[in-house]
Structure formats: C-alpha cells, structure tokens
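See below for the structure under consideration.
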Amino acid sequence: AAMKALKDIEMQGHRMMALMEDLLILSRVGRLDASRGQSDTIKVVEQVLSDLRSTLTEKGMVVHIGDLPNLRIPETLLSEIFSNLINNAVRYAGAEGKSIEVGGSVQGDRKQIFVRDHGVGIPPEEKDRLFDPFFRGENARDIPGTGIGLTIVRKIVRLHRGRIWAEPTDGGGTTFRLEFDEKTELPS
9 AAMKALKDIE
19 MQGHRMMALM
29 EDLLILSRVG
39 RLDASRGQSD
49 TIKVVEQVLS
59 DLRSTLTEKG
69 MVVHIGDLPN
79 LRIPETLLSE
89 IFSNLINNAV
99 RYAGAEGKSI
109 EVGGSVQGDR
119 KQIFVRDHGV
129 GIPPEEKDRL
139 FDPFFRGENA
149 RDIPGTGIGL
159 TIVRKIVRLH
169 RGRIWAEPTD
179 GGGTTFRLEF
189 DEKTELPS
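Throughout, the working numbering is defined as the position within the sequence shown, counted from one, plus 8.
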C-alpha cells in the first residue's frame, strides 16, 4: 500500500510539472516573435515524430506524412502545434496499430494543415469546449494530460491569423484542421 501511495504521489508530481510547463508556454505565446519567414513544416513534423519514436513503436502506430505547406510561424511554435496535436492523436487513437495522418494543401493564399487519427472520436456535445483551458472530455478521464494543449495550439494559430477546428474522421476518430490565410499581414 505504501509503494502504491508513493507511485501515486510521483505520478501527481509529474502531472503538476507538465501542467506548470504548459501554463508557462501558454503565458509566453503572445509575447514570442511572430516571425515573417517560412518554417520548414516537414522538418518540424519529422522532429516531433523523432521525439515520439519510442511511444509510436511501443503502440505499433504509424504516422503517414503527406504534402505539407511551409508556414510563416516560428519553428518553436510550429513544433508546439504539431507536438500537441500528434500527441493527442497517439493518446486517443485507441487500439494498437492504428495510423495517424498528417498533411496539408494550398489553395491560393490559403494554407491548410490536418492531423487525423482513427480513435475514439469526440462526442458532439464536447466539441465546443475542446479548446477551453483545463477541459478534459469524458473519454479522456483515464488518459494522462493537463487540458492545456489544445488551448496552446489555438492561441498560437490565432496569433498567426489562422483558425483551427475539429471534425469527425470517416470510420471513427478526429481530424484537426488548421487554416491560415498568408495574405493577411501579421501585426508588427
């Protein structure tokens, strides 16, 4: 019983540390440089996947990377976006061996990115609260997380004049879509 209590305390300590790190990132997002240069999106995604390699291998998951447009977002913030979205896809993908897709498209000045999983999906009644700070859906109660990740992603996306939304994936799961109008000037 004492060992279990120690394990629980250690786990809570890790959760608190993750929460504090997430809150720190959230507080800094608005003050970070909104770079006008293009970031190499594929390079950023490959780095995020490299960081997740052991988790992906352990769960037998494969991530398919399609075409990805480069974006006018600093690489550190772009990494934060993909890290949160891909980590969520891994957490909620359900059974082992499921795939995750990351891709995008360009139509004129509009650049779109998506991260798609084939997991448990999001109940329609929770969709409007997904990006609220500390919101944890019913199907997330037993899955580690702080409830800040999607809030951080939305803040970064909005800072760069973009929008983000979630939609059901055909056959089950969730697809997060991000869209940026690169014609829009960023604030100086």
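Don't be surprised by glycine CBs; every beta carbon is placed ideally from N, CA and C. Treat the numbers as computed from the prediction; the structure is a model and nothing was measured.
Continuous alpha helix (DSSP H) stretch holding residue i: start and end
i: V53; result: T49 to D59
N-terminal and C-terminal residue of the beta strand (DSSP E) that residue i is part of
i: K163; result: Counting along the chain, K163 falls outside any beta strand (DSSP E), though it belongs to the alpha helix (DSSP H) covering G157 to L167.
i: I73; result: V70 to I73
Residue i, DSSP secondary structure in three states
i: L81; result: The sequence shown places Ile at residue 81, rather than the Leu named in the question. It is coil, neither helix nor strand.
i: E109; result: strand
i: L90; result: The sequence given here places Phe at residue 90; Leu does not occur at that position. F90 falls in the helix class under three-state DSSP.
i: R124; result: strand
i: I151; result: coil
i: G21; result: helix
i: L76; result: coil
i: S62; result: helix
i: L32; result: helix
Identified DSSP bridge partners for residue i
i: A174; result: F184
i: Q46; result: According to DSSP, Q46 bridges with nothing at all.
i: D189; result: R118
Residue of the options minimising C-alpha distance to residue i
i: R118; options: M11, T49 and K191; result: K191
i: E175; options: R169, H168 and L186; result: L186
i: V52; options: K67, N78, I33 and E29; result: N78
Inter-stretch contact at 8 Å, needing at least 3 Cβ pairs: the segment 45 to 62 / the segment 131 to 138: no
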